[in-house]
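The block underneath contains the structure these notes are about, expressed in structure tokens.
2 protein chains.
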Amino acid sequence: MNDEKKEIVIIDRGHGSATLNDVAQAAGVSPATVSRCLNAPDVVRPAKRKRVFKAIEELSYVPHGAARALASRRTRMIGAIFPSLDNTLFGGMMEALQGEVAAAGYTLVVASSAYDPAQELKDVRNLISSGIDALTLVGASRELAVYEMIRRKRIPYVLNWISKAEGGHPCAGFDNLEAAARLTRYLLDLGHRRFAMISGHFINNDRAMARFRGVESTLRERGLDLPPERVLERRFGVDEGREAFRLLMSMPEPPSAVICGADPFAYGAIFESLDLGVRIPGDVSVTGFDDMWPASQITPSLTSVQTPRREIGITVAKYLLAKLSGQLIADPRPIETRLVVRDSTGPAKHA
Amino acid sequence: MNDEKKEIVIIDRGHGSATLNDVAQAAGVSPATVSRCLNAPDVVRPAKRKRVFKAIEELSYVPHGAARALASRRTRMIGAIFPSLDNTLFGGMMEALQGEVAAAGYTLVVASSAYDPAQELKDVRNLISSGIDALTLVGASRELAVYEMIRRKRIPYVLNWISKAEGGHPCAGFDNLEAAARLTRYLLDLGHRRFAMISGHFINNDRAMARFRGVESTLRERGLDLPPERVLERRFGVDEGREAFRLLMSMPEPPSAVICGADPFAYGAIFESLDLGVRIPGDVSVTGFDDMWPASQITPSLTSVQTPRREIGITVAKYLLAKLSGQLIADPRPIETRLVVRDSTGPAKHA
DNA sequence: AGTGTAAAAGAAAGCGCTTTCATTTTTGAT
DNA sequence: ATCAAAAATGAAAGCGCTTTCTTTTACACT
Numbered sequence: 000m001n002d003e004k005k006e007i008v009i010i011d012r013g014h015g016s017a018t019l020n021d022v023a024q025a026a027g028v029s030p031a032t033v034s035r036c037l038n039a040p041d042v043v044r045p046a047k048r049k050r051v052f053k054a055i056e057e058l059s060y061v062p063h064g065a066a067r068a069l070a071s072r073r074t075r076m077i078g079a080i081f082p083s084l085d086n087t088l089f090g091g092m093m094e095a096l097q098g099e100v101a102a103a104g105y106t107l108v109v110a111s112s113a114y115d116p117a118q119e120l121k122d123v124r125n126l127i128s129s130g131i132d133a134l135t136l137v138g139a140s141r142e143l144a145v146y147e148m149i150r151r152k153r154i155p156y157v158l159n160w161i162s163k164a165e166g167g168h169p170c171a172g173f174d175n176l177e178a179a180a181r182l183t184r185y186l187l188d189l190g191h192r193r194f195a196m197i198s199g200h201f202i203n204n205d206r207a208m209a210r211f212r213g214v215e216s217t218l219r220e221r222g223l224d225l226p227p228e229r230v231l232e233r234r235f236g237v238d239e240g241r242e243a244f245r246l247l248m249s250m251p252e253p254p255s256a257v258i259c260g261a262d263p264f265a266y267g268a269i270f271e272s273l274d275l276g277v278r279i280p281g282d283v284s285v286t287g288f289d290d291m292w293p294a295s296q297i298t299p300s301l302t303s304v305q306t307p308r309r310e311i312g313i314t315v316a317k318y319l320l321a322k323l324s325g326q327l328i329a330d331p332r333p334i335e336t337r338l339v340v341r342d343s344t345g346p347a348k349h350a
Numbered sequence: 000m001n002d003e004k005k006e007i008v009i010i011d012r013g014h015g016s017a018t019l020n021d022v023a024q025a026a027g028v029s030p031a032t033v034s035r036c037l038n039a040p041d042v043v044r045p046a047k048r049k050r051v052f053k054a055i056e057e058l059s060y061v062p063h064g065a066a067r068a069l070a071s072r073r074t075r076m077i078g079a080i081f082p083s084l085d086n087t088l089f090g091g092m093m094e095a096l097q098g099e100v101a102a103a104g105y106t107l108v109v110a111s112s113a114y115d116p117a118q119e120l121k122d123v124r125n126l127i128s129s130g131i132d133a134l135t136l137v138g139a140s141r142e143l144a145v146y147e148m149i150r151r152k153r154i155p156y157v158l159n160w161i162s163k164a165e166g167g168h169p170c171a172g173f174d175n176l177e178a179a180a181r182l183t184r185y186l187l188d189l190g191h192r193r194f195a196m197i198s199g200h201f202i203n204n205d206r207a208m209a210r211f212r213g214v215e216s217t218l219r220e221r222g223l224d225l226p227p228e229r230v231l232e233r234r235f236g237v238d239e240g241r242e243a244f245r246l247l248m249s250m251p252e253p254p255s256a257v258i259c260g261a262d263p264f265a266y267g268a269i270f271e272s273l274d275l276g277v278r279i280p281g282d283v284s285v286t287g288f289d290d291m292w293p294a295s296q297i298t299p300s301l302t303s304v305q306t307p308r309r310e311i312g313i314t315v316a317k318y319l320l321a322k323l324s325g326q327l328i329a330d331p332r333p334i335e336t337r338l339v340v341r342d343s344t345g346p347a348k349h350a
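Chains as they are written, first to last, in numbering that gives the first Met the number 0: chain H, 0 to 350; chain P, 0 to 350.
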């Protein structure tokens, strides 16, 4: 008999929505077959498969994720915890990440730690309890309990926004230290010798720390030093950048180059320079980091390091998806950054 | 006998992690009691409860979300779909939303529709399949199938970023039309009569449309009109703002006030005015919308409408959580916006 | 102590799916 | 046609929890 022609009997259970069993009945097959149509279509004969999908359509059947997860022991959810969700850097990465995992049939679950390690630990716990199959976290510095928990639960994970971490954790990101070092070398080549840095707080932020160390070690290689009073740790923000820049410029021997650990500080410096009557780059060169959109629009336009946010998101997704599909995959390679030279940097004034 | 003293026997199942049953055994109670400790602690006697929590601690027990969801028919997940995740407006709302729902023990699941209704429909389907208990969507214009799906599944939902919608959908947001109207009245009071607008594309974007209509209807009330050639629809972006502004200023009778439907357009206008030698607000007044951070930093600082992103997130969360807990709750009230007057607007030049 | 009532605890039946194992059907070589 | 091997299907046992219903225990009052 021609399977395809069999009639589909619709049962209206009234309340709630159709289950896989309903579909099976309507299509006149066993539940197992319906399940297979969903998970491994090519193992079921075309005629039957067609009938099943017709029934699915007619009943507007939507699989029940929790039941699926419980039976198959995978939720098809991937978790991501960011220090903040209100941030165009992480936003760019999140957008790319979500797109990639969704394309593979996964759902993205997010949480914000608000830059608080204790909160991050709670988030991890919650996400694990929600059942995520894999996880990505920003940077490497956090409660050890986090690493222990994901190890014990055997959850594939990858740290992002950095390219390597102590302890051999897999990472998808770029080398913050090297990027900062390159920037520093560029400024040294322009003849600068008196440096200052405006940085995010180092605590709980290995990215900020790495950028600082990249600057510092490069200077030391050339026999220069970066005294602590010339390293200003601030909350990220334009106003903080203004204040710090003003402070630096009021020093007896102001720096000839101010390296900002993040773009907003540099925007602040540029805005403040107008009030101060300091010329950039005439009197002092200023650099940013991350290359957000105002960098190219502001006057003077800002020399900055372009960070590969989308690439990070895509790399994270590819790595985790590969892991989840059981593939043997090497840890991601470091992603390149680009130094974008614009008008905020120039030769050092002759001393 | 003293319950609290009973010893806790740890069973190591080796593989995988502890289940609720393991906890029950370790604590010497029934699984039902452990479940109650988790879901309604005060219904179990303190001594016993203590023992259970001790066992939970010792076994590092983490509840299995999917099993929980399957049995209780709620996932404790809330879904949110945004046109983009890489956007500080939605980012601010998302951050607040995530914080609120997490505090209530819920997990936030996100998706990006990339401003594409078809993609949004897929997203909704996926999220529903993931099992979200509630959902929030940006604006009101979308595939009707979306509304039908969430109605059929009886999923509590709320539209955000707007304050009302045809069809009686609950909304958490502000009145885009009225905010734009107020801004327009302010400019009219400054003596402006020749207006232009740079707007986001209207298609699939009821917020942009409402802002336009707010401007247009207010002008019409005063007997003025806003001819189509003075309404420029552009993709959101600074460069697009520059180009549009240049175009407007090259008209035979350039406008004396340019209303931008979003801040980035206005930043572009301000940047371009420097190249053009047009003075703001001397020659032309410019306004933004959303009041992003550059508004207060740029020169001239930008008059803009401050949109309550965090409040929207909080309102969405409160409304959905109330719905989920079965409370009778009225639809959210519109949230107020604030017109922030700065230096980019001034009296119209005497004609 | 003894009783009645309310509170606490337990037993057991699923929630909707996947997956193993057994059975049936199909295929292809003879 | 025939048979062995392979492919397709079905039956049924859970996945780890919640929740209803029932039984047990605690408590207040004579």
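From the three backbone atoms N, C-alpha and C, an ideal C-beta is built for every residue, glycine too.
- Contact check between the segment 45-60 of chain P and the segment 296-315 of chain P: fewer than three CB pairs, one atom from each, fall below 8 Å, which does not count as touching.
- A residue is called buried once 16 or more other Cβ atoms fall within 10 Å of its Cβ, and residue 99 of chain P is buried on that count.
- Note: residue 76 of chain H is bridge-paired with H:106 in the DSSP secondary-structure output.
- As for any alpha helix (DSSP H) of minimum length 4 sitting wholly inside the segment 123-193 of chain H, the runs are 143-151, 175-188, ordered along the chain.
- Taken atom to atom, the span from the alpha-carbon of residue 110 of chain P to that of residue 105 of chain H is near 10 Å.
- Listed along chain P, the residues sitting closer than 8 Å to residue 127 of chain H by beta-carbon distance are 61.
- Chain-ordered listing is empty here: chain H has no CB closer than 7 Å to the CB of residue 48 of chain P, the nearest sitting near 20 Å.
- Taking a cut-off of 8 Å on C-beta distances, the segment 209-222 of chain H touches the segment 185-198 of chain H, as three or more cross pairs fall below it.
- Under the 8 Å criterion on CB atoms, residue 106 of chain H is classed as interfacial with respect to chain P.
- Scanning H:333, H:73, H:74 for the CA closest to the CA of residue 175 of chain H turns up H:333.
- Each residue's CA atom was taken as its position, placing residue 29 of chain P and residue 17 of chain P some 15 Å apart.
- The straight-line gap separating the alpha-carbon atoms of residue 48 of chain H and residue 56 of chain H is approximately 12 Å.
- Using a CB distance below 7 Å, the part of the segment 84-111 of chain H facing chain P consists of 84, 85, 86, 87, 90, 91, 93, 94, 97, 98, 101, 106, 107, 108, 109, 110, 111, ordered along the chain.
- Cβ-Cβ distances below 6 Å link residue 136 of chain P to 80, 158 in the same chain, with the five nearest sequence neighbours on each side left out; the list follows chain order.
- Counted as a single uninterrupted DSSP element, the stretch harbouring residue 221 of chain P is not any alpha helix (DSSP H), since DSSP gives it neither H nor E.
- Rounded to whole angstroms, the Cβ separation of residue 300 of chain P and residue 343 of chain P is 7 Å, and the two are in contact under 8 Å.
- A Cβ-Cβ distance of about 22 Å is found for the pair residue 194 of chain H and residue 237 of chain H, leaving them out of contact under the 8 Å criterion.
- With fewer than 16 other Cβ atoms inside 10 Å of its own Cβ, residue 167 of chain P counts as exposed.
- Closer than 9 Å at the C-beta level to chain P, one finds these residues of the segment 287-302 of chain H: 292, 293, 295, 296, 297, 298.
- Rounded to the nearest whole angstrom, the CA to CA distance from residue 240 of chain P to residue 183 of chain P is 19 Å.
- The straight-line gap separating the alpha-carbon atoms of residue 340 of chain H and residue 259 of chain H is approximately 14 Å.
- P:265 is the residue among P:87, P:265, P:289 whose C-alpha sits nearest the C-alpha of residue 279 of chain P.
- Residue-level contact by beta carbon fails for residue 317 of chain P and chain H, as no gap is shorter than 8 Å.
- Between the alpha carbons of residue 209 of chain P and residue 87 of chain H lies a distance of about 26 Å.
- Within the segment 265-290 of chain H, contact with chain P at the beta-carbon level (separation under 9 Å) is assigned to 266, 267, 270, 273.
- With 16 or more neighbouring CB atoms inside 10 Å of its own CB, residue 267 of chain P falls in the buried class.
- Contact annotation for residue 151 of chain H against chain P: 16, 59 [CB-CB distance below 8 Å, chain order].
- Residue 203 of chain H and residue 117 of chain H have their alpha carbons spaced roughly 11 Å apart.
- Against chain P, the beta carbon of residue 65 of chain H has neighbours under 7 Å at 65, 68, 69, 74, 130, listed in chain order.
- Counting only Cβ-Cβ distances below 7 Å, residue 237 of chain H has contacts in chain P at 292, 296, in chain order.
- Ranked by Cα distance from residue 65 of chain H, the first of P:130, P:320, P:156, P:317 is P:130.
- The criterion of a C-beta distance shorter than 8 Å is satisfied by residue 74 of chain H and residue 132 of chain H.
- Bounds of the alpha helix (DSSP H) holding residue 46 of chain P are 45-58.
- Secondary structure at residue 71 of chain P: helix, using DSSP grouped into helix, strand and coil.
- Rounded to the nearest angstrom, the Cβ distance from residue 142 of chain H to residue 165 of chain H is 15 Å, too far for a contact under 8 Å.
- Inter-residue distance for residue 25 of chain P and residue 54 of chain P is about 6 Å (C-alpha atoms, whole angstroms).
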